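Engineer: Numbering-wise (numbering that gives the first Met the number 0), the sequence shown opens with residue 0 and increments by one. Using N, Cα and C, we set each Cβ at its ideal position, and we do this for glycine too. Only a predicted model underlies this, so the values are computations on that prediction, with no experimental measurement involved.
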Amino acid sequence: MTTTRGAARPHVGAALFALSLGGFTIGTTEFATMGLLPQIGDEFAVSDPVVGHAIAAYALGVVVGAPLLTVAAARMSRKRLLLALMGAYTLANLASAAAPSVELLVVGRFLAGLPHGAFFGVGAAVGAAVAGPGRRGHAVSMMMTGLTVANVVGVPASTFVGQQFGWRVAFLLIGVLGAATLAGLAAFVPHDGPVDSSVAQELRSLRNGPLWIGFLAGAIGFGGLFAVYSYVAPTMTKAAGLAPGHVPWVLAVFGVGMTAGTLLGGRLADRNVLRTVIGGFVATGATLVLFALVGRWAAPAIGALFLLGVTSQVLGLSMQTRLMELSPRAQSLGAALCHSALNVGNASGAFFGGLVIAAGWGYLAPAWTGVGLTALGLALVLVLGRQPARRHDDVAASVAQALGGLDDAGDGREAR
Numbered sequence: 000m001t002t003t004r005g006a007a008r009p010h011v012g013a014a015l016f017a018l019s020l021g022g023f024t025i026g027t028t029e030f031a032t033m034g035l036l037p038q039i040g041d042e043f044a045v046s047d048p049v050v051g052h053a054i055a056a057y058a059l060g061v062v063v064g065a066p067l068l069t070v071a072a073a074r075m076s077r078k079r080l081l082l083a084l085m086g087a088y089t090l091a092n093l094a095s096a097a098a099p100s101v102e103l104l105v106v107g108r109f110l111a112g113l114p115h116g117a118f119f120g121v122g123a124a125v126g127a128a129v130a131g132p133g134r135r136g137h138a139v140s141m142m143m144t145g146l147t148v149a150n151v152v153g154v155p156a157s158t159f160v161g162q163q164f165g166w167r168v169a170f171l172l173i174g175v176l177g178a179a180t181l182a183g184l185a186a187f188v189p190h191d192g193p194v195d196s197s198v199a200q201e202l203r204s205l206r207n208g209p210l211w212i213g214f215l216a217g218a219i220g221f222g223g224l225f226a227v228y229s230y231v232a233p234t235m236t237k238a239a240g241l242a243p244g245h246v247p248w249v250l251a252v253f254g255v256g257m258t259a260g261t262l263l264g265g266r267l268a269d270r271n272v273l274r275t276v277i278g279g280f281v282a283t284g285a286t287l288v289l290f291a292l293v294g295r296w297a298a299p300a301i302g303a304l305f306l307l308g309v310t311s312q313v314l315g316l317s318m319q320t321r322l323m324e325l326s327p328r329a330q331s332l333g334a335a336l337c338h339s340a341l342n343v344g345n346a347s348g349a350f351f352g353g354l355v356i357a358a359g360w361g362y363l364a365p366a367w368t369g370v371g372l373t374a375l376g377l378a379l380v381l382v383l384g385r386q387p388a389r390r391h392d393d394v395a396a397s398v399a400q401a402l403g404g405l406d407d408a409g410d411g412r413e414a415r
């Protein structure tokens with residue numbers, strides 16, 4: 000397909016917008032439970048740590064579904080796969096809204112988590128191919144912008160709706176978001192030809208020591224963020240003394256921090272991804288210490304949460320880019336594994352954070368737990384995770400080759 004530079008760019012932008020919309024939908028859903036935790040607990044008459052099991056179940060679904068679905072659908076058209084994943088995601092969220100018990104809510108959250116990582120993995124690879132060589136970090140950051148904007152707008156809005164009309168209404172509205180995402184993907188993501196990949200090729204990429212070191216570092220280190228964020232609503236009301244009606248604004252501040260971290264992380268990752276990973280770990284650990292020290296006072300606690308949004312997103316985006324570098328022949332799998340790692344951290348952080356709260360150590364104790372988890376992730380990177388990855392252009396070229404027939408990848412080459 001022949002196009003001019005001017006004609007190609009709007010199509011690339013529209014494709015990245017559709018992927019960002021998917022990120023917004025998933026981000027709103029993933030973190031909505033954290034903002035609605037008190038309302039869910041009140042309806043089912045269970046404690047905050049028990050509702051935390053729904054958070055952990057979602058994370059476990061991501062951990063299981065990300066690699067399995069990515070590998071199983073290795074030869075499937077990327078556009079068709081994105082549509083199938085978002086369709087399943089939407090149905091699982093509607094099922095969660097109808098859950099008659101906390102146990103079935105946990106099941107619904109697990110099912111919703113299954114398509115999450117595969118969607119981001121495939122979407123990141125598609126975005127990288129569309130953007131072209133040398134723009135991988137930018138493409139990933141564009142997709143992840145939807146996730147961060149969800150924390151500025153989607154999560155606070157769902158928390159407000161849940162407080163005013165009930166948490167089930169919030170999940171129903173998230174189902175509407177899923178339908179809108181399906182329409183955007185169908186309209187804007189370019190059609191692709193046969194995928195030059197196979198289940199065997201994807202599985203062979205798993206025989207990669209540095210890839211698994213990076214996965215393990217992320218799985219442990221991301222737990223630091225989620226030890227705190229899983230319980231952010233009760234922490235801000237019970238430790239910092241805020242009224243429940245102020246919680247949506249706190250979540251919005253965190254989301255603004257994540258948005259800033261996404262923009263910063265994309266630029267830094269394109270310069271030196273490994274240094275950005277290390278810096279992200281250090282900065283996240285330092286911010287958790289700050290939150291533990293000032294969390295009893297509302298204004299400083301909110302400021303620390305803003306910084307945590309920045310540092311954790313720099314870490315998350317650079318870690319995803321790093322895992323894509325370490326799996327050049329299986330970009331979708333590398334990106335999906337990052338989301339598996341992040342959600343191992345989500346589950347472990349929620350679990351260990353709930354343990355120290357249930358033990359009576361207070362709502363700021365999870366921050367110290369998070370410091371320990373972040374330090375362990377950093378230690379793994381420093382000791383074992385410094386193997387050089389392939390050059391940026393080589394990796395981006397591998398993505399484009401793996402996705403074969405993407406119209407816009409071709410358009411970009413002709414335009415150049």
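Among the residues of its own chain, which have a CB less than 6 Å from the CB of residue 82, if the five just before and after it don't count?
Structural biologist: Here the question's residue 82 lines up with position 83 in the sequence shown. Cβ within range, chain order: 184.
Engineer: Please state the DSSP three-state secondary structure of residue 143.
Structural biologist: Residue numbering aside, residue 143 sits at position 144 when the sequence shown is read from its first letter. Of the three classes helix, strand and coil, the one that applies to residue 143 here is helix, per DSSP.
Engineer: Identify whether residue 16 lies in helix, strand or coil by the three-state DSSP scheme.
Structural biologist: Here residue 16 refers to the residue found at position 17 when the sequence shown is read from its first residue. It is helical.
Engineer: Can you say whether residue 114 is buried or exposed, counting buried as having 16 or more other CB atoms within 10 angstroms of its CB?
Structural biologist: Within the sequence shown, residue 114 is the residue found at index 115, counting from 1. Residue 114 comes out buried.
Engineer: Buried or exposed for residue 175, please, with buried defined as at least 16 other CB atoms from any protein chain shown within 10 angstroms of its CB.
Structural biologist: Locating residue 175 in the sequence shown gives position 176, counting from the first residue. Classification for residue 175: exposed.
Engineer: Hey, which unbroken runs of the alpha helix (DSSP H) at 4 residues or more fall wholly within the stretch 154–197?
Structural biologist: 154–164 and 166–187
Engineer: If you drop the 5 nearest sequence neighbours on each side, which residues of the same chain put their C-beta closer than 7 Å to that of residue 12?
Structural biologist: Taking the sequence shown and counting its residues from 1, one reaches residue 12 at position 13. No residues qualify anywhere along the chain.
Engineer: Can you have a look at residue 163 and say buried or exposed, based on whether 16 or more other CB atoms are within 10 angstroms of its CB?
Structural biologist: As a position in the sequence shown, residue 163 is number 164, starting the count at 1. Label assigned to residue 163: exposed.
Engineer: Exposed or buried, what is residue 402 when buried is set at 16 or more other beta-carbons lying within 10 Å of its beta-carbon?
Structural biologist: Start at 1 with the first residue of the sequence shown, and residue 402 comes out as number 403. Residue placement at residue 402 is flagged as unreliable, the pLDDT there being 33, under the threshold of 50; a coordinate-derived value is accordingly withheld.
Engineer: Give a yes or no on contact between the stretch 222–231 and the stretch 283–293, applying the rule of three or more CB pairs nearer than 8 Å.
Structural biologist: Yes, they touch.
Engineer: Keeping to the same chain, check which residues put their C-beta closer than 7 Å to that of residue 91; ignore five residues upstream and five downstream.
Structural biologist: Within the sequence shown, residue 91 is the residue found at index 92, counting from 1. Closer than 7 Å at Cβ, skipping near neighbours: 107, 110 and 111.
Engineer: So, under 8 Å CB-CB, residue 36 and residue 233 are touching, yes? Tell me the CB distance rounded to an integer number of Å.
Structural biologist: Position 37 of the sequence shown, counted from the start, is the residue given in the question as residue 36. Position 234 of the sequence shown, counted from the start, is the residue given in the question as residue 233. Contact flag correct, Cβ pair sits at about 7 Å.
Engineer: Applying the 10 Å Cβ sphere with the 16-neighbour rule, what's the burial state of residue 52?
Structural biologist: What you label residue 52 is simply residue 53 of the sequence shown in a count that begins at 1. Buried.
Engineer: Within the same chain, show all residues whose beta-carbon is closer than 6 Å to that of residue 146, passing over the 5 residues directly before and after it, in chain order.
Structural biologist: Here residue 146 refers to the residue found at position 147 of the sequence shown. Here the set comprises 22 and 26.
Engineer: How long is the line joining the alpha carbons of residue 317 and residue 148, rounded to whole angstroms?
Structural biologist: Here residue 317 is taken as the residue at index 318 of the sequence shown, counted from 1. Here residue 148 is taken as the residue at index 149 of the sequence shown, counted from 1. If you take the alpha carbons of residue 317 and residue 148, they lie about 18 Å apart.
Engineer: Where residue 96 and residue 55 are concerned, what is the direct C-alpha to C-alpha distance, given to the nearest angstrom?
Structural biologist: The count along the sequence shown starts at 1 and reaches residue 96 at position 97. The count along the sequence shown starts at 1 and reaches residue 55 at position 56. So the two alpha carbons sit approximately 17 Å from each other.
Engineer: What residue range is occupied by the uninterrupted alpha helix (DSSP H) comprising residue 280?
Structural biologist: If you number the sequence shown from 1, residue 280 lands on position 281. Element bounds for residue 280: 272–293.
Engineer: Taking only three categories from DSSP, how would you classify residue 230?
Structural biologist: Taking the first residue of the sequence shown as position 1, residue 230 is located at position 231. Three-state result, residue 230: coil.
Engineer: CA-CA distance, residue 301 and residue 28?
Structural biologist: Taking the first residue of the sequence shown as position 1, residue 301 is located at position 302. Taking the first residue of the sequence shown as position 1, residue 28 is located at position 29. Computed Cα separation, rounded: 22 Å.
Engineer: For residue 87, I'd like the list of residues in its chain whose CB is within less than 6 Å of its CB, leaving aside the five on either flank, ordered along the chain.
Structural biologist: On the sequence shown, residue 87 is found 88 positions in, with the first residue counted as 1. Only residues of its own chain outside the window of five on either side were considered, and among them 114 have a CB closer than 6 Å to the CB of residue 87, listed in chain order.
Engineer: Between the stretch 362–382 and the stretch 335–351, can you find at least three pairs of beta-carbon atoms closer than 8 Å?
Structural biologist: yes
Engineer: Should residue 17 be labelled buried (16 or more other beta-carbon atoms within 10 Å of its own) or exposed?
Structural biologist: As a working note, residue 17 is residue 18 in the sequence shown. By the 10 Å Cβ count, residue 17 comes out buried.
Engineer: Please classify residue 45: does DSSP put it in a helix, a strand, or coil?
Structural biologist: For the purposes of this step, residue 45 is taken as residue 46 along the sequence shown, with counting starting at 1. Looking at residue 45 - three-state DSSP - the assignment turns out to be coil, as it is neither helix nor strand.
Engineer: Distance, Cα to Cα, residue 360 vs residue 353?
Structural biologist: As a position in the sequence shown, residue 360 is number 361, starting the count at 1. As a position in the sequence shown, residue 353 is number 354, starting the count at 1. In a straight line, the C-alpha of residue 360 is about 10 Å away from that of residue 353.
Engineer: At the level of alpha carbons, what is the spacing between residue 155 and residue 161?
Structural biologist: By one-based count along the sequence shown, residue 155 stands at place 156. By one-based count along the sequence shown, residue 161 stands at place 162. Roughly 10 Å between the two C-alpha positions.
Engineer: To the nearest angstrom, report how far apart residue 313 and residue 94 are at their CA atoms.
Structural biologist: What you label residue 313 is simply residue 314 of the sequence shown in a count that begins at 1. What you label residue 94 is simply residue 95 of the sequence shown in a count that begins at 1. Rounded to the nearest angstrom, the two C-alpha atoms are 33 Å apart.
Engineer: Once the 5 residues before and after residue 291 are set aside, which same chain residues still bring their CB inside 6 Å of it?
Structural biologist: On the sequence shown, residue 291 is found 292 positions in, with the first residue counted as 1. The answer, listed in chain order, is 363, 366 and 367.
Engineer: Return helix, strand or coil for residue 122, following the three-state DSSP convention.
Structural biologist: Within the sequence shown, numbered from 1, the residue matching residue 122 stands at position 123. Note: residue 122 maps to helix in three-state DSSP.
Engineer: Nearest by alpha-carbon distance to residue 62: which of 73, 268, 295 and 118 is it?
Structural biologist: Sequence index remark: in the sequence shown, residue 62 carries index 63 (1-based). Answer by Cα proximity: 118.
Engineer: Assuming residue 216 and residue 101 form a contact by the criterion Cβ under 8 Å, report the distance between their Cβ atoms to the nearest whole angstrom.
Structural biologist: For the purposes of this step, residue 216 is taken as residue 217 along the sequence shown, with counting starting at 1. For the purposes of this step, residue 101 is taken as residue 102 along the sequence shown, with counting starting at 1. With a Cβ gap of about 33 Å, residue 216 and residue 101 do not count as contacting.
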